[in-house]
Amino acid sequence: MPQATPAPIRTAALLAAGLVLLTACGGGGTASSAEGGGDKADGFPLTLKNCGRTVTVKAPPQRAVSVDQGSTEILLSLGLADRIAATATWSDPVMKGLEKANEGVERISDNRPSSEKVLDKEPDFLSASFASTLAKGGVAPREQFEKLGVPTYISPADCTGKDNSGGGDGARTAPLTMDSVYTEVRELAQVFGVPERGEALVKKLRARVAKATEGIDGSSTSLLYWFSDSKAPYLAGCCGAPGVITRELGAKNVFDDTHDEWPQISWETVADRNPDVLVIGDLSRTMQTAESAEKKIEFLESNPVTRTMDAVKNRRYVLLSGQAMNPTIRTVEGLERVATGLRDFGLAE
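Residue numbers (this note's numbering): 1 to 349.
Following this line, the structure appears as structure tokens:
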């Protein structure tokens with residue numbers, strides 16, 4: 001998704017905080033079990049290949065910091081709220097059903113936190129949804145934390161078949177699939193020593209996908225996904241999370257000719273392509289213009305370029321959380337809502 005403006009990295013403070021961190025999390029300590037008891041957890045140390053790096057976790061984390069909402073919601077869904085020391089970078093209310101679990105988790109920033117805030121929590125594991133979060137210009141590069149003994153993990157969905165070297169939100173070199181999301185669920189469950197919970201969650205997600213797509217044929221329907229900003233709108237390219245939704249429904253994304261994750265495209269071009277349905281991000285953050293669905297619809301129905309579009313004249317809108325438009329477990333939520341919308345509009349067959 002279009003990313004928050006990051007806090008500056010203060011290397012001296014990071015290293016100073018690391019002296020405390022190494023004392024708290026340093027090597028040679030006794031590993032704790034996945035459930036907080038016993039002398040050693042089975043399967044640890046655990047080594048994973050993650051986004052081009054080798055990550056070794058000595059013991060199931062007890063003080064994890066998840067610095068993107070998508071990562072946090074996976075951990076909460078795995079029943080790990082008591083092992084999240086802090087979270088940050090949120091665009092939406094927490095996923096339905098996780099409200100109670102989320103109440104006890106400290107949010108150190110609505111946007112990207114400073115590295116000092118992260119290290120103040122003395123984390124023993126750091127997870128993120130986006131490579132840009134743990135990179136130069138983000139919270140801090142992964143190697144900064146790893147030098148201090150803190151293993152880091154980035155969602156495979158943001159690096160598998162994706163080129164993040166060009167700035168912005170990156171470009172897809174291959175279409176995203178839900179398998180990348182399922183891999184993240186399974187690997188995080190492994191890291192925390194609860195692999196069976198990961199398998200159970202993946203099974204539930206697969207069942208929801210199957211139910212949402214049963215009997216639906218959207219092959220005659222074109223979609224446009226608008227994440228944020230009215231002046232230079234961020235619209236979905238072919239192959240990210242909206243691409244997963246579109247392909248599962250057999251529909252067409254009017255901007256499937258661009259591989260950029262969230263290209264900024266003029267409204268004149270949008271109106272020219274005239275999608276049948278507008279899938280609109282309903283964000284609670286206030287970083288850019290037209291974040292909420294209400295503001296987006298107000299713009300669409302008043303702007304002389306957009307108000308003549310078929311989808312606007314017929315008010316064919318599907319509202320999604322920002323997280324449902326990202327490659328997370330909430331992509332399934334997005335699929336369910338778009339499928340329901342197509343059925344309600346009579347465009348599913």
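For each residue, glycine too, the CB sits at the ideal point set by N, CA and C. These numbers come from a predicted model, not from an experiment.
Only buried fits ASN326, as 16 or more other CB atoms lie within 10 angstroms of its CB. Per the coordinates, the alpha-carbon of LEU224 lies some 45 Å from the alpha-carbon of PHE44.
A check of alpha carbon separations from THR183 across ASP158, ASP256 and SER109 identifies ASP158 as the nearest. Per DSSP, ILE297 is not a residue of any beta strand (DSSP E); the alpha helix (DSSP H) it occupies stretches across 293-302.
When DSSP states are grouped into helix, strand and coil, ILE265 belongs to the coil group. DSSP places THR152 within a strand segment (E or B) once states are collapsed to three.
Put simply, of ARG142, THR258 and VAL279 the residue whose alpha carbon is nearest the alpha carbon of TYR317 is VAL279. Within the segment 41-99, the runs of alpha helix (DSSP H) at least 4 residues long that lie entirely inside it are, in chain order, 69-77. Membership of SER132 in any alpha helix (DSSP H) is not indicated, and neither H nor E is assigned to it by DSSP. The Cβ neighbour count for ALA207, taken over all protein chains shown within 10 Å, is under 16; the residue is labelled exposed.
When secondary structure is reduced to three states using DSSP, ASP158 falls in the helix class.
With contacts defined by Cβ atoms closer than 8 Å, ARG172 and GLY240 form a contacting pair. LEU224 is bridged by DSSP to LEU278. By the Cβ-count criterion, GLY193 is buried, with 16 or more other Cβ atoms from all chains shown falling within 10 Å of its own Cβ. In the three-state reduction of the DSSP assignment, SER165 falls in the coil class, being assigned neither a helical nor a strand state.
Rounded to the nearest whole angstrom, the CA to CA distance from ASP92 to GLU298 is 20 Å. In this structure SER66 is in contact with SER127, their Cβ atoms being roughly 5 Å apart against a cut-off of 8 Å.
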